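Colleague: Residue numbers (numbering that gives the first Met the number 0), protein chains in the order written: chain L, 0 to 250; chain A, 0 to 371. Glycine is no exception: its CB is placed at the ideal position from the N, C-alpha and C atoms. All values reported here derive from a predicted model rather than from experimental measurement. Handing you a structure now.
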Amino acid sequence: MNPIIIEARNIVTSFGENLIHDNVSCTIREHEIYALLGGSGSGKSTLLREMIMLGKPSSGTIHIFGTDISHLSLVEAQGLRKKWGVLFQSGALYSSLTVGENIALLYEEYTDLPPKLIRELIKLKIDLVGLPQHAIHLYPSELSGGMVKRASLARALALDPKVLFLDEPTSGLDPLSSRQFDALIQQLRELLGLTVVMVTHDLDTIHHIVDRFLLLGERKVIAEGTLDEVLAINHPIIDYFFQKETHGIKS
Amino acid sequence: MKSSSPATLEIVNGAFKTIFKCTGKWTLHYLKEIALTLESYPVTSHITWDITNVTELDSAGVALWHLYYRKVEKMGFASEIIGSKKEHIQLYNLLYPHPQDDVIAPNRPGWLYRVGKEAYLSIKGIGTFLTFLGEAFTVLLYSLRNPSIIRYRSISSHIITAGFDALPIIAVSAFLIGVVVAFQSIVQLQKFGADILIVDMIGISLTRELAPLITAIVIAGRSGSAFTAQIGAMKMTQEIDAMKTMGFHPHLFLVWPRVIALMIVLPLLIFFADLVGIFGGMVIASTQSHLSYTEFINRLQGALPIKHFIIGIVKGPFFAILIAMTGTYRGFQVSANTESIGQYTTKSVVNAIFLVIACDALFSILLTELKI
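Dropping the structure here:
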């Protein structure tokens, strides 16, 4: 078994009186495509945000690369952040910069590479995610939904991260683009040896590329494991989520 | 057969039960009359609905029936339906899949509760603002140890947008203030034949109080609001989150460049406003009181001690911190809905102007007590 990359233990999250997570734990191993699943409001995005230090759980610990992320100094946190890339649901490209500048920003901030090499790297990343080269000079507002996702992925991959966090990567894409995006993620995992953690609703994505996943519901972990393992469990939420009886996934 | 007649309701009173005979189209557009009739009908016995002759039924019809069913149930009487068709039942099951509980409308909180809540939120707001300031200064200390991470380019770009671009509006405002003050005081001073004192009047009031205040207010309206809107928009599109995950500290990238730029620029703008304002007063003095420019300037050198000018300039950085910190802080408070951007921009400008005036008053008191 691959070593553990991310480990969340007994996470409790509440916003005021609204309890989101009640003792949620999960384990993500190296080189896995791991999904956080659950209905709307089940707290999967919140869990993802806690992993990337955008939110703090009320109690519980999250270890990433063996470091507890709840007590980090500014410098340690900074070092950790460079080891992962995040793709936001809406892309979150900086709207005042072109795609190329969006990617270049990371190199300019964190490396001393000469401008020529940075330009080459940008071209490379743009190619890697399957964008046409002219996209480098476009502003985010000039891109289609699929292109925004790809450009944002290129930016997430800029510093060659070990872990990629994706927040609903295929939402808002047409089915064909979604499958292409899935294929891209899988390919990148193979090529770059990434660990991918994603929040998704897309049953096809789950079926085709996700190795293991965590199903959240009623504030708790309903199941964690591979698709076959989870489908073998009898639980109303699992049945509902995968639409077992109807046209959903068959194991 | 398709009937085109609207819905009707015939009420037949029996010995132990009332029969509601329903006919026609029980749909959205025809139910108003029936709803009113049902509302006012005094229920005294069990009810039987005969819906054999209902030709069309939609969700409004079902909802009306359901409401009345619950009302009757609460009064302790039973309802039954006869003559329902399969599609009626299907529709009902679709609309009311689970037995529902009455949703209790939340009590409207009393005024005391609302006052308390507002007070609590205001106090909490001070807390979050202090947290924001604390975080900002932590980052500042950190960046002072590593000066290479300070965003010099961003600072210079804000100096241009918040400072240089504001020159025309500052010029116009300061000039007019100079004109107004000169006009108003000349009339009074002429009564005593003390026209020459207009120079003291203009010189001291403008450099010490009016120019700093008017500049700060214009900048609060112009740049304070822009800061909130810029950061708010970035927050809405998750750009701030993206920055955080990349390790670009928002305080370092967004807050301090704006604050520092404004701290540099505001004293300069105040100096500029001093000049233009005094010039405005000079123009009026020469036209209204035949005080030549040379005389005015000669008199000004004697009448305006340097301390007034310095006090005015020194206020600049303080006003700048207040304006820029409020503007950026409010920007970070913007939530995911579009309305909040306007709401917080308004708040930012109102707060900034209030803080500037309060700070100015504090300066006044302090300096008077210190006899400066």
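Kindly indicate which three-state DSSP category glycine 84 of chain L falls into: helix, strand or coil?
Modeller: The residue labelled residue 84 of chain L in the question sits at position 85 within the first sequence. Note: glycine 84 of chain L maps to strand in three-state DSSP.
Colleague: Mind pulling the chain A residues with CB within less than 7 angstroms of isoleucine 51 of chain L?
Modeller: For the purposes of this step, residue 51 of chain L is identified with residue 52 of the first sequence, where counting begins at 1. Per Cβ cutoff of 7 angstroms: Thr244.
Colleague: In whole angstroms, what separates the C-alpha of threonine 236 of chain A from that of serine 58 of chain L?
Modeller: As a working note, residue 236 of chain A is residue 237 in the second sequence. As a working note, residue 58 of chain L is residue 59 in the first sequence. For threonine 236 of chain A and serine 58 of chain L, the distance between alpha carbons rounds to 29 angstroms.
Colleague: Please name the residue or residues paired with leucine 213 of chain L in a DSSP beta bridge.
Modeller: Against the first sequence, residue 213 of chain L aligns to sequence position 214. Per DSSP, L/Leu35, L/Glu223.
Colleague: Skipping 5 residues on each side, what residues in its chain have a beta carbon closer than 6 angstroms to that of aspartate 194 of chain A?
Modeller: Your numbering for residue 194 of chain A matches position 195 in the second sequence. Hits under 6 angstroms: Leu188, Ser288.
Colleague: From proline 316 of chain A to methionine 262 of chain A, what distance separates their C-alpha atoms?
Modeller: The sequence position of residue 316 of chain A within the second sequence is 317, counting from 1. The sequence position of residue 262 of chain A within the second sequence is 263, counting from 1. Roughly 5 angstroms separates the two Cα atoms.
Colleague: Is it buried or exposed, threonine 169 of chain L, if we count other Cβ atoms within 10 angstroms and call 16 or more buried?
Modeller: Numbered from its first residue, the first sequence carries residue 169 of chain L at position 170. Label assigned to threonine 169 of chain L: buried.
Colleague: Who pairs with serine 78 of chain A in a beta bridge, going by DSSP?
Modeller: Indexing the second sequence from 1 puts residue 78 of chain A at position 79. Bridge partners of serine 78 of chain A: A/Ile46.
Colleague: Taking 8 angstroms as the CB-CB cut-off, is glutamate 108 of chain L touching chain A?
Modeller: Mapped onto the first sequence, residue 108 of chain L falls at position 109. Output row for glutamate 108 of chain L: interface = yes.
Colleague: Among residues of its own chain, excluding the 5 on either side of isoleucine 269 of chain A, which ones have a beta-carbon nearer than 7 angstroms to its beta-carbon?
Modeller: Walking along the second sequence from the start, residue 269 of chain A turns up at place 270. Taken in chain order, the residues that qualify are Ala210, Pro211, Thr214, Gly311, Ile312, Gly315.
Colleague: Around the Cβ of alanine 150 of chain L, are there at least 16 other Cβ atoms within 10 angstroms (buried) or fewer (exposed)?
Modeller: As a first step, residue 150 of chain L is located in the first sequence; it is residue number 151 there, counting from the start. Looking at its Cβ environment, which holds 16 or more other Cβ atoms inside 10 Å, alanine 150 of chain L is buried.
Colleague: Examine chain L for any beta-carbon lying closer than 8 angstroms to the beta-carbon of phenylalanine 247 of chain A, and answer yes or no.
Modeller: Looking up residue 247 of chain A in the second sequence gives position 248. Closer than 8 angstroms to some Cβ of chain L, the Cβ of phenylalanine 247 of chain A qualifies, so yes.
Colleague: Taking Cβ positions only, does leucine 40 of chain A come closer than 8 angstroms to chain L?
Modeller: Here the question's residue 40 of chain A lines up with position 41 in the second sequence. For the sequence presented, residue 40 of chain A should be read as tyrosine rather than leucine. It does not; no Cβ of chain L falls within 8 angstroms.
Colleague: For the stretch 133 to 146 of chain A, which residues have a beta carbon sitting closer than 9 angstroms to at least one beta carbon of chain L?
Modeller: If the cut-off is 9 angstroms between Cβ atoms, the stretch 133 to 146 of chain A has Thr137, Val138, Tyr141 near chain L.
Colleague: How about alanine 335 of chain A: is its C-beta nearer than 8 angstroms to some C-beta of chain L?
Modeller: The sequence position of residue 335 of chain A within the second sequence is 336, counting from 1. With 8 angstroms as the cut-off, alanine 335 of chain A does not count as an interface residue toward chain L.
Colleague: Strictly below 7 angstroms CB to CB, what residues from chain L border alanine 225 of chain A?
Modeller: Here residue 225 of chain A is taken as the residue at index 226 of the second sequence, counted from 1. Simply none; closest approach about 13 angstroms.
Colleague: My understanding is that threonine 12 of chain L touches isoleucine 19 of chain L, with C-beta atoms under 8 angstroms, so please give their C-beta distance in whole angstroms.
Modeller: In the first sequence, counting from the first residue as 1, residue 12 of chain L sits at position 13. In the first sequence, counting from the first residue as 1, residue 19 of chain L sits at position 20. 4 angstroms between Cβ atoms; contact.
Colleague: Aspartate 159 of chain L by DSSP, collapsed to three states: which one?
Modeller: Walking along the first sequence from the start, residue 159 of chain L turns up at place 160. The answer is coil: DSSP assigns aspartate 159 of chain L none of H, G, I, E or B.
Colleague: Assuming phenylalanine 318 of chain A is part of the beta strand (DSSP E), what are its boundary residues?
Modeller: Taking the second sequence and counting its residues from 1, the one referred to as residue 318 of chain A is at position 319. Taken as a continuous stretch (DSSP letters only), phenylalanine 318 of chain A belongs to no beta strand (DSSP E), being part of the alpha helix (DSSP H) at 305 to 332.
Colleague: Does the beta carbon of glutamate 208 of chain A come closer than 8 angstroms to any beta carbon on chain L?
Modeller: Along the second sequence, one-based indexing puts residue 208 of chain A at 209. No, no contact with chain L.
Colleague: With a threshold of 6 angstroms on Cβ separation, who are the neighbours of isoleucine 216 of chain A within its own chain once the five nearest residues in sequence on each side are excluded?
Modeller: Along the second sequence, one-based indexing puts residue 216 of chain A at 217. Here the set comprises Ile352.
Colleague: What number of angstroms, rounded off, separates the C-alpha of aspartate 312 of chain L from the C-alpha of valine 195 of chain L?
Modeller: The structure shown has nothing for residue 312 of chain L, since chain L only spans 0 to 250.
Colleague: State the DSSP-derived secondary structure class of arginine 178 of chain L, mapped to helix, strand or coil.
Modeller: Taking the first sequence and counting its residues from 1, one reaches residue 178 of chain L at position 179. If DSSP states are grouped into helix, strand and coil, arginine 178 of chain L belongs with the helices.
Colleague: Below 8 angstroms on the Cβ atoms is my contact criterion, and I expect histidine 207 of chain L with aspartate 227 of chain L to pass it. Report the Cβ-Cβ distance as a whole number of Å.
Modeller: Translated into the one-based positions of the first sequence, residue 207 of chain L becomes position 208. Translated into the one-based positions of the first sequence, residue 227 of chain L becomes position 228. Not quite, the Cβ-Cβ distance comes to about 14 angstroms (not below 8 angstroms), so this is no contact.
Colleague: Considering only the alpha carbon of each residue, which of L/Glu29, L/Tyr93, L/Leu86 lies closest to isoleucine 63 of chain L?
Modeller: Walking along the first sequence from the start, residue 63 of chain L turns up at place 64. Among L/Glu29, L/Tyr93, L/Leu86, the Cα nearest to that of isoleucine 63 of chain L belongs to L/Glu29.
Colleague: So with CB distances below 7 angstroms, who are the chain A contacts of tyrosine 93 of chain L?
Modeller: Along the first sequence, read from residue 1 onward, the residue named residue 93 of chain L stands at position 94. Ordered by position in chain A, the residues that pass the 7 angstroms Cβ test against tyrosine 93 of chain L are Glu238.
Colleague: Do threonine 7 of chain A and threonine 22 of chain A have their beta-carbon atoms positioned less than 8 angstroms apart in this structure?
Modeller: Position 23 of the second sequence holds residue 22 of chain A. Position 8 of the second sequence holds residue 7 of chain A. Yes, the Cβ-Cβ distance between threonine 22 of chain A and threonine 7 of chain A is below 8 angstroms.
Colleague: Under 8 angstroms, Cβ to Cβ, is there at least one residue of chain A near valine 98 of chain L?
Modeller: The residue you call residue 98 of chain L lines up with position 99 of the first sequence. By this cut-off, valine 98 of chain L is not an interface position.
Colleague: Three Cβ pairs or more, each shorter than 8 angstroms: is that satisfied between the stretch 252 to 267 of chain A and the stretch 352 to 363 of chain A?
Modeller: Output reads no: the stretch 352 to 363 of chain A does not touch the stretch 252 to 267 of chain A.
Colleague: With a threshold of 8 angstroms between beta-carbons, can alanine 241 of chain A be considered close to chain L, or not?
Modeller: In the second sequence, the residue the question calls residue 241 of chain A occupies position 242. Yes, contact with chain L.
Colleague: In this structure, what does DSSP give as the bridge partners for methionine 197 of chain L?
Modeller: Here the question's residue 197 of chain L lines up with position 198 in the first sequence. Answer by DSSP bridge pairing, in chain order: L/Ala34, L/Leu165.
Colleague: Identify each residue in the stretch 66 to 88 of chain L for which the Cβ-Cβ distance to at least one residue of chain A is less than 7 angstroms, and report them in chain order.
Modeller: Hits within the stretch, in order: Leu73, Gln77, Arg80, Lys81, Val85, Phe87.
Colleague: So, is the C-beta of leucine 105 of chain L closer than 8 angstroms to a C-beta in chain A?
Modeller: As a working note, residue 105 of chain L is residue 106 in the first sequence. True, the Cβ-Cβ gap to chain A drops below 8 angstroms.
Colleague: Using the Cα positions of isoleucine 305 of chain A and isoleucine 371 of chain A, report the straight-line distance between them to the nearest angstrom.
Modeller: On the second sequence, position 306 is the one that residue 305 of chain A refers to. On the second sequence, position 372 is the one that residue 371 of chain A refers to. In a straight line, the C-alpha of isoleucine 305 of chain A is about 11 angstroms away from that of isoleucine 371 of chain A.
Colleague: For the candidate residues A/Gly177, A/Phe191, A/Gly231, whose alpha-carbon lies nearest to that of threonine 206 of chain A?
Modeller: In the second sequence, counting from the first residue as 1, residue 206 of chain A sits at position 207. Comparing Cα-Cα distances from threonine 206 of chain A to each of A/Gly177, A/Phe191, A/Gly231, the minimum goes to A/Gly177.
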